[in-house]
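Engineer: Just passing along the structure, written as structure tokens.
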Amino acid sequence: MNSHIKGILNRLLMVMALGSVLLPISAQVAASVIVDKAADEAIRASFKATRPDIVITNIEASGIPSLYVVTMDNGPTVYSSADGKYFIAGDMFEISAAGIESVAEKKLKPVRKELLTQVKREDMIIFSPEGESKGAIYVFTDVDCGYCRKLHQEVPQLNAMGIEVRYLGYPRAGLSGPTYDKMVSAWCADDPKLAMNALKEGGLVDPKTCTNPIAAEYQLGAQMGVTGTPAIVLEDGSMIPGYKTAVQLKAAVLN
1 MNSHIKGILN RLLMVMALGS VLLPISAQVA ASVIVDKAAD EAIRASFKAT RPDIVITNIE
61 ASGIPSLYVV TMDNGPTVYS SADGKYFIAG DMFEISAAGI ESVAEKKLKP VRKELLTQVK
121 REDMIIFSPE GESKGAIYVF TDVDCGYCRK LHQEVPQLNA MGIEVRYLGY PRAGLSGPTY
181 DKMVSAWCAD DPKLAMNALK EGGLVDPKTC TNPIAAEYQL GAQMGVTGTP AIVLEDGSMI
241 PGYKTAVQLK AAVLN
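Structure, rendered in structure tokens:
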């Protein structure tokens, strides 16, 4: 690969270089269609020659002849030519009877669903309806994020619709600093919901520390494709990036 391509790959890997305390996504996806052995070997050799530190965890057919999906451990998924000399970084879309769908999203959806079943309820801050729960959303949140605060204002209406809101910690600035400290304090508070309400309104809470899940949830968010907050994930694993009103979410959750 030339120096320009090397630079692109280096930047991609830097963006996605978060280590994970969870299993890599590729390890949790069912075995893929067997690819041509020569293509598999050529792709691995090409990437290794350029970046020996790259660990390719999976290579599979993309649905396009001679183009392969290459998944890297704690790195991006790219699309490579059979000889490994060219790769595409970005999303690919499939047109089918169901409409236009992101290939990456199609693969991630069942993985997110499985990963979220492994999150303990006590590790989330949950706002539940007073009556029967008809559905739920998982929200990767940052207490200092403006749109996260706006979404939090929709929680009473969501609860009234029968939708449970399950918060997971995702401090955008990382696992240190004022926002992270606030979120630890909320998760460690005697009343986490009350603390969350205060922080979402721009208030303060008493500083507290304890064994908490925020680092694991931050890693989980990165693993599931979260790049900003709020990131809303439905129970089926679909992700809705950004702020949505209660009415918009009702249509997605209770359809």
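Using full-length UniProt numbering, read the sequence shown as starting at 1 and increasing by one per residue.
Just so you know, even glycine gets a beta-carbon here, dropped at the ideal spot from N, CA and C.
Within 10 angstroms of the Cβ of A49, are there 16 or more other Cβ atoms? Answer buried if so, exposed if not.
Structural biologist: exposed
Engineer: For the beta strand (DSSP E) containing V165, list its first residue and its last residue.
Structural biologist: I163 to G169
Engineer: If distances are taken between C-alpha atoms only, which option among V139, A61, I59 and V35 comes closest to E217?
Structural biologist: V139
Engineer: Quick check: what's the CA-CA separation for V111 versus E105?
Structural biologist: 10 Å
Engineer: With H, G and I counted as helix, E and B as strand and the rest as coil, what does DSSP make of Y147?
Structural biologist: helix
Engineer: Tell me which same chain residues have a C-beta within less than 7 Å of the C-beta of I43, skipping the five on either side of it?
Structural biologist: Within the same chain, I59, Y68, V70, S80 and G84 come within 7 Å of I43 by CB-CB distance, once the 5 residues on both sides are set aside.
Engineer: Give the DSSP-derived three-state secondary structure of L175 in the structure shown.
Structural biologist: coil
Engineer: With respect to the beta strand (DSSP E) encompassing V155, which residues constitute its N-terminal and C-terminal limits?
Structural biologist: Per DSSP, V155 belongs to no beta strand (DSSP E); it is in the alpha helix (DSSP H), V155 to A160.
Engineer: Please report the distance separating the alpha-carbon of K113 from that of E235.
Structural biologist: 6 Å
Engineer: Do the stretch 90–105 and the stretch 163–170 make contact, defined as three or more Cβ pairs closer than 8 Å?
Structural biologist: With fewer than three CB-CB distances shorter than 8 Å, the stretch 90–105 does not count as touching the stretch 163–170.
Engineer: Look at the Cβ atom of T179, then the Cβ atom of D144, and state whether they are nearer than 8 Å.
Structural biologist: yes
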